[in-house]
Amino acid sequence: MSYYLRVEGVNLGNFIMDTNDLSTIRGGGLLLLDSVNLVEESIRKMLPSPGKDPLRAARERLEDVKRRLEELKKERPPDYKQQKNTLKREKKRLQGVIRRLHRLHPSPHPPGLVITKGASWGLFSLDVDRDTALQIKAKVINTLAEDKNYRHATFVVDLHPDNGEKNYQRDRDSLQTINRWQQMQGPSLAIPAPEHEVCDFDKVRPAASEDFSPKEGRHISASVRCRREYGRRQRQDFYHRVTQLADLAFTRDLGELGRDPSRGILDGKIAYIYIDGNNFGAWQRGARNPGEQCAFDQAVRMGREKVLTAILKRIQDDPAWQYGETQGEKIRLRLETLLWGGDEIIWVVPAWQGWWLVQTFYELARASICYPGDTPLRHATGLVFCHHNAPIRRIDDLARRLAENFAKMDRNRNLIAYQVLETFDHAGTNLRGYRQSRIQGLGDIDHLLVDADDMEDIESCIRELQTPEIDFPRRKIHQILYAWRNNDERLAREYEEKLPEAAQKSLSALQACFGGRQAHWLHLMDLWDYVSP
17 MSYYLRVEGV NLGNFIMDTN DLSTIRGGGL LLLDSVNLVE ESIRKMLPSP
67 GKDPLRAARE RLEDVKRRLE ELKKERPPDY KQQKNTLKRE KKRLQGVIRR
117 LHRLHPSPHP PGLVITKGAS WGLFSLDVDR DTALQIKAKV INTLAEDKNY
167 RHATFVVDLH PDNGEKNYQR DRDSLQTINR WQQMQGPSLA IPAPEHEVCD
217 FDKVRPAASE DFSPKEGRHI SASVRCRREY GRRQRQDFYH RVTQLADLAF
267 TRDLGELGRD PSRGILDGKI AYIYIDGNNF GAWQRGARNP GEQCAFDQAV
317 RMGREKVLTA ILKRIQDDPA WQYGETQGEK IRLRLETLLW GGDEIIWVVP
367 AWQGWWLVQT FYELARASIC YPGDTPLRHA TGLVFCHHNA PIRRIDDLAR
417 RLAENFAKMD RNRNLIAYQV LETFDHAGTN LRGYRQSRIQ GLGDIDHLLV
467 DADDMEDIES CIRELQTPEI DFPRRKIHQI LYAWRNNDER LAREYEEKLP
517 EAAQKSLSAL QACFGGRQAH WLHLMDLWDY VSP
């Protein structure tokens, strides 16, 4: 008899976005991502010793080579270069072996126990009897409950019998339903016994007496302390672990990330980018057997690793991405990853690089994040431009609502919904009503969206309008917007006729990108400083 085991970190709002502290948020997200690896390791220790599986052997050998490469970089022996080249050749060979074994594997079941690894959940296949399956479940629960980091999170762990390939979808969905039922029966927050004052970071959990920070003058709960420390370590380690790129350093906080007096009004501003896959859940639900679901999961994970690696290679030597003085201070890259895994990504970058990063992500994703038959998968993006010290929970909520409620209007396209936070301060909680009022007299609400395919053209048009040759009068944008919003077409046309003749081609191209009516004037006003700084 075989079983499926599903584990999921739940109530994520109480483990990731329950503070405004950057390290705590980063630590919570990456801890949940790593929790699935801990579960896999725990399960493997309980399984009978496997036979000689060539795929598993190749994977283990590859991990050993990667580990030796890391040790070699630290030791730097006299023949460092020769050993490094030998190990790199072996790494490349093993990666090719693994790819070939994946293609040749005929079974509907994945080669190994892992079916899917999400950002906070995992689905595993256990070829064991009932008693062993129950023991494995108990072991996983105890491992998470006893771990110094994961005891502060809430997890659900359940089993379901494998009733054969024809019943896979029903088995998988039933197991997820059992997880949800268990979540509803349990607490939404892991709270220890009170020992001291309330935590000054999340304002909910009791602080532990040993976690008072005299330097900061604040009480810290054990949960926040663990996530905060992990987040600080992973600020550098995460990128190397995912991309294998070494010797990269990253800014320590959002102040460093967004600070550059030479950028004028963009100094101290950031771009908060939330990217969510379109219909990824439907792709997974459509998998007819574990093998198909595993293939989808691996395609997404490997594709995103390629994307991040390519982005880091492009920015690592670019001065516009670097922070740090030359007087002995190490150069640090202005990139923050707060969420990674599953179908979601959160990046924070300088405001002057937000448009570029979103455009580059879509460019790389078209070629790298594909399944099946090289079909590119689609993504929705919420993009917020704001000051670096804006409350990060508010920014995150806004970015998620932009993506979920607007950029997903057409899930078959790559759409971006953006907001400049200075124009959002008085919007209240009715984001749809606010956006509808902004587009009034200019077009429809979907004309506020940006199609990823148009990003290059939009940037090119705005750059052209900013050239000295055209000398575009930016103040006229406000006058034209005012006229259109007040249904005064005659006045709007008068203003437009006074614009430079050389600007007409770019303005017409922008108009075509945003629905063909008058929404392009609003985008031109909002994006002028951010698209082409």
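Each number in the numbering used here comes from the position in the sequence shown (counting from 1) with 16 added on.
Cβ coordinates follow ideal geometry from the N, Cα and C atoms, glycine included.
A quick note: this is a predicted structure, and the numbers were derived from the prediction, not measured.
Practice item. Measure the C-alpha to C-alpha separation of Gln-309 and Val-323 and round it to an integer number of angstroms. Key: 21 Å
**Study point:** Boundaries (first-last residue) of the alpha helix (DSSP H) holding Gln-250
**Key:** 238-259
Exercise for review: Flag this pair as touching only if the stretch 251-270 and the stretch 168-185 have three or more C-beta atom pairs under 8 Å; answer yes or no.
Suggested key: no
**Study point:** Distance between Tyr-450 and Val-52 (C-alpha atoms, nearest Å)
**Key:** 40 Å
Check your understanding: Taking Ile-361 as the reference, which of Gly-280, Arg-244 and Ser-136 has the closest Cα?
Key -> Ser-136
Check your understanding: What are the boundary residues of the alpha helix (DSSP H) that Trp-299 is part of?
Key -> 296-301
Check your understanding: What is the rounded straight-line gap between the Cα of Gly-532 and the Cα of Gly-459?
Key -> 9 Å
Check your understanding: Whose C-alpha, out of Leu-328, Arg-196, Asp-34 and Leu-351, is nearest the C-alpha of Glu-272?
Key -> Leu-351
Check your understanding: For the stretch 478-490 against the stretch 394-411, are there 3 or more C-beta pairs whose distance is under 8 Å?
Key -> no
Point to revise | Span of the alpha helix (DSSP H), counted from its first residue to its last, around Asp-174 | key: Premise fails: Asp-174 lies in the beta strand (DSSP E), 170-177, not in any alpha helix (DSSP H).
Exercise for review: Just mark His-494 as buried or exposed, buried being the case when its beta carbon has 16 or more other beta carbons within 10 Å.
Suggested key: exposed
Check your understanding: Whose C-alpha, out of Tyr-288, Leu-393, Gly-358 and Ile-327, is nearest the C-alpha of Leu-418?
Key -> Tyr-288
Review point. From which residue to which residue does the beta strand (DSSP E) around Ser-559 run?
Key: With the chain represented from 17 up to 549, any question about residue 559 goes unanswered, as that position is not in the structure.
Review point. Can you give the Cα-Cα distance for Ile-496 and Pro-516, rounded to whole angstroms?
Key: 14 Å
Check your understanding: What does a CB cutoff of less than 7 Å around Asp-269 pick up in its chain, not counting 5 residues either side in sequence?
Key -> Leu-38
Practice item. Decide if Met-318 is buried, meaning its Cβ has at least 16 other Cβ atoms within 10 Å, or exposed. Key: exposed
Review point. Can Leu-418 be considered in contact with the ligand FAD, in the sense that its beta carbon sits closer than 6 Å to one or more heavy atoms?
Key: Absence of the ligand FAD is noted for the structure shown, with no ligands found whatsoever.
**Study point:** Minimum C-alpha distance to Leu-142 - residue among Ser-522, Ser-18, Arg-188 and Gln-369
**Key:** Ser-18
Check your understanding: Under the rule that 16 or more other beta-carbon atoms within 10 Å means buried, what is Ser-237, buried or exposed?
Key -> buried
**Study point:** Per DSSP, the bridge partner or partners of Pro-467
**Key:** The sequence given here has Asp at residue 467, not Pro. Paired residue(s): Leu-431.
Review point. Can Ser-58 and Val-156 be called in contact, C-beta distance under 7 Å?
Key: yes
Exercise for review: Could you tell me how far apart the beta carbons of Gln-99 and Leu-88 are, in whole angstroms, since I believe they sit closer than 8 Å?
Suggested key: 6 Å
Exercise for review: Sort Gly-284, Asp-542, Asp-412 and Arg-84 by Cα distance to Leu-465 and report the nearest one.
Suggested key: Asp-542
Check your understanding: Across which residues does DSSP place Val-81 in a beta bridge pair?
Key -> Paired residue(s): none; Val-81 is not in a bridge.
Practice item. Would you list the one or two residues that DSSP bridges to Cys-402? Key: Ile-286
Exercise for review: Grab the span of the beta strand (DSSP E) containing Lys-133 for me, first residue to last.
Suggested key: 130-133
**Study point:** Cβ shell of Asp-462 (< 7 Å), same chain only, five flanking positions each side left out
**Key:** Met-425
Review point. With His-176 and Asp-163 assumed to form a contact (beta carbons below 8 Å), what rounded beta-carbon distance in angstroms separates them?
Key: Rounded, the Cβ-Cβ distance is 25 Å, inconsistent with contact.
Practice item. Would you mind giving the Cβ-Cβ distance between Leu-21 and Ile-152, rounded to the nearest angstrom? I have them listed as a contact below 8 Å. Key: 7 Å
Check your understanding: Ordered along the chain, which non-local residues of its own chain (more than five positions away) have a Cβ less than 7 Å from that of Met-33?
Key -> Ile-41, Arg-409 and Asp-412
**Study point:** Gly-67, DSSP secondary structure in three states
**Key:** Because the pLDDT of Gly-67 is 49, which lies under 50, any placement of that residue in the model is unreliable, and the number read from its coordinates should be weighed accordingly. In the structure shown, Gly-67 sits in coil (DSSP, three-state: anything other than H, G, I, E or B).
Check your understanding: Are there 16 or more other CB atoms within 10 angstroms of the CB of Gln-343, so buried, or fewer, so exposed?
Key -> Residue confidence for Gln-343 is low, a pLDDT of 45 falling below 50, so the modelled location carries little weight and cannot support an answer.
Check your understanding: Contact between the stretch 185-200 and the stretch 75-94: three or more CB pairs below 8 Å?
Key -> no
**Study point:** Nonlocal neighbours in the same chain, by C-beta distance under 7 Å from Asp-174, ignoring five residues either side
**Key:** Arg-22, Leu-191, Ile-194, Asn-195 and Gln-198
Point to revise | DSSP three-state assignment for Arg-22, whether helix, strand or coil | key: strand
Review point. In whole angstroms, what separates the C-alpha of Tyr-546 from that of Ile-281?
Key: 10 Å
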